[in-house]
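Scroll down for the structure; my scribbles are underneath it.
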Amino acid sequence: MSTIDIPENYFLTSFVPRFRDADSMGHVNNSVFSTYIENSRFEWMKSLQEKGVQKWMGFILARAEIDFLAPINLEDKISVVMWVSKIGNKSWDFSYLIINQDRTKIFAKIRSIQVGYNYQENRTEPLNEVVREQLNILYNK
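So that you can map any letter, position 137 of the sequence shown is 137 in the numbering used here, and since no number is skipped, the others follow by simple counting.
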């Protein structure tokens, strides 16, 4: 069995699905896939704090698209591969693969769009240099 090609620059989170993730069919419910990528974004943000990255900015999730390719069962060991696929003036795209830890099966392909946001002024804003620098670390053209 061949392994999945993953981008050169990425952030990886791994876990085992929880019992509560399953639906009545016995596999991970489709809504949980969004939670998995949310956890991946959170772990990435946490890793930036641990590295001492300062002056991050607020952002909102503007869009998420999920292509479901295979069911996830409770015994599956899962990895979320996350990378930056586009950087704009005010927004960036994360792309994700939810795969098994053997890297032989893709469960989902996902894309999300994040927009820089100023919560005090309730408006979008351009990405600052600190954000651009960190996004470029995960950027794959």
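Using N, Cα and C, we set each Cβ at its ideal position, and we do this for glycine too.
Reference residue i, options the options, closest by Cα
{"i": "residue 106", "options": "50, 71, 38, 30", "result": "71"}
{"i": "residue 138", "options": "20, 35, 44, 36", "result": "44"}
{"i": "residue 81", "options": "88, 129, 94", "result": "94"}
{"i": "residue 134", "options": "120, 122, 83, 96", "result": "83"}
{"i": "residue 2", "options": "117, 102, 50", "result": "102"}
{"i": "residue 21", "options": "64, 10, 14, 33", "result": "33"}
{"i": "residue 86", "options": "140, 38, 48", "result": "140"}
{"i": "residue 79", "options": "16, 65, 25", "result": "16"}
{"i": "residue 29", "options": "117, 108, 40", "result": "108"}
{"i": "residue 47", "options": "64, 13, 124", "result": "13"}
{"i": "residue 127", "options": "92, 38, 62, 64", "result": "92"}
{"i": "residue 129", "options": "61, 97, 57", "result": "57"}
{"i": "residue 9", "options": "96, 110, 38", "result": "96"}
{"i": "residue 31", "options": "90, 66, 111, 104", "result": "66"}
{"i": "residue 111", "options": "4, 25, 38, 18", "result": "38"}
{"i": "residue 11", "options": "25, 62, 40, 36", "result": "40"}
{"i": "residue 62", "options": "132, 123, 131", "result": "123"}
{"i": "residue 90", "options": "69, 76, 5, 132", "result": "132"}
{"i": "residue 36", "options": "52, 24, 18", "result": "18"}
{"i": "residue 4", "options": "53, 68, 104", "result": "104"}
Cβ separation of residue i and residue j, assumed to be a contact under 8 Å, to the nearest whole Å
{"i": "residue 115", "j": "residue 59", "result": "6 Å"}
{"i": "residue 100", "j": "residue 27", "result": "The Cβ separation is near 14 Å, so there is no contact."}
{"i": "residue 125", "j": "residue 118", "result": "5 Å"}
DSSP-derived helix/strand/coil call for residue i
{"i": "residue 120", "result": "coil"}
{"i": "residue 5", "result": "coil"}
{"i": "residue 69", "result": "coil"}
{"i": "residue 100", "result": "strand"}
Residues bridged to residue i [DSSP beta-bridge criterion]
{"i": "residue 61", "result": "114"}
{"i": "residue 81", "result": "12, 97"}
{"i": "residue 92", "result": "87, 114"}
{"i": "residue 137", "result": "Paired residues: none, contrary to the question."}
{"i": "residue 105", "result": "Looking at the DSSP assignment, residue 105 forms no beta bridge with any residue, so it has no partner."}
Quiz item: What alpha helix (DSSP H) runs, 4 residues minimum, are completely inside the region 1-54?
Solution: 30-50
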